[in-house]
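Here is the structure we will look at.
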Amino acid sequence: MNAIVLAILVMVTLSLARVSVVFALIAASLVGGLAAGLPIGDIMSAFNDGLGNGATVALAYAVLGAFAVALSRSGVTELLAERAIRGLHLDDQPSSRRWVAFTLLGALLAAAVSSQNLIPVHIAFIPVLVPPLLKLMNHLRLDRRLAACVITFGITAPYMLLPVGFGAIFLNDILLTNLNESGAELGLEVTRGMVPMAMLMPIGGMALGLAIAALLSYRRPRRYEDRDLAHGDETPAQAARHLAPWQMAVLAAALVGTVVTQLLSGSMVLGGLFGFALLSVSGVFRWHEQDGIFTEGMRMMAQVGFIMISAAGFAGVMQATGEVAALVEGSAELIGDNKGLAALIMLLVGLFITMGIGSSFSTVPIIASLYVPLALGFGFSPMATIALVGTAAALGDAGSPASDSTLGPTAGLNADGQHDHIWDTVVPTFLHYNLPLIAFGWLAAMVL
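Using UniProt numbering, read the sequence shown as starting at 1 and increasing by one per residue.
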């Protein structure tokens with residue numbers, strides 16, 4: 001069995017068995033490396049070399065987690081949640097919950113989409129925006145698995161379809177460039193206008209998956225406990241009672257300043273530090289509590305941070321095995337001259353590669369040089385080739401235990417410890433997005 005396929009199967013099996021994802025990633029790295037014939041020393045060297053790629057994002061999440069806990073400790077999130085619950089009569093009029101829940105989900109979707117283009121902060125908004133909304137979600141009895149599906153759709157679908165923000169990087173700078181470079185000698189010429197049109201049908205499959213999640217899979221109420229995110233000299237409810245108007249203004253400035261600082265500096269860490277520092281000097285919590293609050297925020301994000309770091313090491317080992325080309329070549333031998341089977345196997349191989357690397361942005365350069373000659377050799381049109389390569393790269397971004405598209409939603413929804421990364425984020429997004437992507441990606445390859 002190919003080393004990459006074996007490693008992914010080990011990682012997924014252990015994760016589904018509720019083994020720590022960090023342990024699963026390390027074990028899968030060892031299994032995949034040994035299967036590829038790498039010595040233990042080389043495996044650990046590749047793993048250690050890859051760790052640094054995830055450290056920056058992990059540190060950023062720890063700082064943003066501290067900022068989120070500081071917001072909760074100020075009492076403003078408790079105050080806003082209580083006002084929303086009373087004003088919307090959520091406890092007295094259960095009939096109003098459904099439309100409020102869909103309004104909230106629509107706001108989360110808009111924020112997620114905007115984070116990819118309008119305000120390109122990517123997943124940095126999640127640990128700041130989502131934890132304050134958890135109490136409101138609890139009283140709406142909103143299934144957080146649906147919220148995870150909504151956020152994941154919002155941070156993946158836009159870059160696969162809209163050529164602005166992160167979409168401009170994925171569609172134009174990465175996908176378009178690699179397609180033209182790989183197909184130059186074979187007569188393939190792709191223009192910018194062709195790429196979004198080719199990806200329209202696969203994204204339609206994701207939209208269908210989101211509709212199924214909202215209207216069928218997770219439409220029933222689900223109960224959660226109200227839990228404080230921060231603990232100090234006062235509870236958040238007590239702190240909310242003596243919030244001064246000027247302190248509310250400082251809180252708003254901290255939120256805006258966090259985003260602006262990140263956009264100007266390009267650093268999530270600096271953005272989170274700016275917001276936390278502003279709250280520290282505003283008096284919304286006692287000065288001697290700031291170290292405890294910062295530590296509590298880092299602890300809240302520790303699981304996600306360590307998974308991100310381990311995932312980067314796992315990706316390093318997968319690339320060191322050199323088994324990607326062998327995986328594609330071995331798949332080609334099974335295809336024969338069946339065009340439909342060729343499209344399906346290329347998509348499934350892309351799924352395994354992206355789940356291992358954890359990023360569709362990093363997958364395109366790896367598979368384009370192998371897929372373009374293969375697709376053209378089977379007689380696929382340029383538009384079908386775009387759909388095949390683009391969909392194969394995007395597959396696995398949603399639904400991978402190691403992807404920031406799943407780690408991001410978990411970081412926000414599990415702030416109070418009531419949302420499981422694997423069963424409440426990874427499995428729902430895999431079922432509702434990867435399966436439709438395979439089906440609609442295959443359909444696009446056959447009809448375009």
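The beta carbon of each residue, even a glycine, is placed where N, CA and C say it ideally should be.
Check Ala398 in the structure and name its three-state DSSP category. strand
Note down the Cα distance separating Gly297 from Ala112, rounded to an integer number of angstroms. 22 Å
In chain order, which continuous runs of the alpha helix (DSSP H) of length 4 or greater are located wholly inside the stretch 291-351? 302-321, 324-335
Kindly list the residues whose CB is nearer than 7 Å to the CB of Leu341, restricted to its own chain and excluding five residues on each side of it in sequence; keep chain order. Ile335
Per DSSP, what kind of secondary structure is Ser182 in: helix, strand or coil? helix
Are there 16 or more other CB atoms within 10 angstroms of the CB of His432, so buried, or fewer, so exposed? buried
What residue range is occupied by the uninterrupted alpha helix (DSSP H) comprising Pro436? 435-447
With distance defined between alpha-carbon atoms, name the residue in Leu376, Asn414, Arg145, Leu327 nearest to Val5. Leu327
N-terminal and C-terminal residue of the alpha helix (DSSP H) that Met102 is part of: One detail in the question is off: residue 102 reads as Phe in this sequence, not Met. Residues 97-114.
Over the uninterrupted alpha helix (DSSP H) stretch that includes Asn138, give me the two end residues. 134-140
Pick from Ala157, Val190, Leu186, Val121 that is closest to Asp173, judged by C-alpha positions: Val190
Whole-angstrom C-beta distance between Leu179 and Val389, which should lie under 8 Å: 6 Å
By Cβ distance, which residues of its chain are closer than 7 Å to Thr429, with the 5 residues on each side in sequence left out? Ala148, Cys149, Thr152, Ala398, Gly399, Thr406
Anyone know if the C-beta pair for Leu395 and Asn338 falls short of 7 Å? no
Keeping to the same chain, check which residues put their C-beta closer than 8 Å to that of Phe166; ignore five residues upstream and five downstream. Gln116, Asn117, Pro120, His122, Pro158, Tyr159
Taking the alpha carbon of Arg292 as the reference point, which residue from Gly275, Leu208, Ala70 has its own alpha carbon closest? Note that residue 292 is Gly in the sequence shown, not Arg. For the residues Gly275, Leu208, Ala70, the minimum Cα distance to Gly292 belongs to Ala70.
Rounded Cβ spacing between Tyr371 and Met346 (contact assumed at less than 8 Å): 6 Å
What is the DSSP secondary structure of Ser72, counted as helix, strand or coil? helix
Can you tell which of Ile367, Asp420, Val447, Gly441 has its C-alpha closest to the C-alpha of Arg18? Asp420
According to the Cβ coordinates, are Ile8 and Phe352 closer than 7 Å? yes
Count the other CB atoms within 10 Å of the CB of Leu186; is the residue buried (16 or more) or exposed (fewer)? exposed
Nearest residue (CA-CA) to Leu38, options Thr410, Leu210, Val250, Gly316: Gly316
Spatial distance of Arg97 from Gly52 (CA atoms): 44 Å
With a threshold of 16 other CB atoms inside 10 Å of the CB of Glu329, please say whether the residue is buried or exposed. exposed
Taking Tyr159 as part of the alpha helix (DSSP H), name the residues at either end of that continuous run. 144-161
Quick test of the definition: if touching needs 3 or more C-beta pairs under 8 Å, does the stretch 253-273 touch the stretch 15-31? no
Three or more C-beta pairs closer than 8 Å, one from the stretch 129-141 and one from the stretch 410-426: is that the case here? yes
Counting only runs that start and end within the stretch 1-42, where is the alpha helix (DSSP H) found for 4 or more residues in a row? 3-16, 21-35
Tell me whether Gly105 is buried or exposed, calling it buried when 16 or more other Cβ atoms sit within 10 Å of its Cβ. Note on residue identity: the sequence assigns Leu, not Gly, to residue 105. Under this definition Leu105 is a buried residue.
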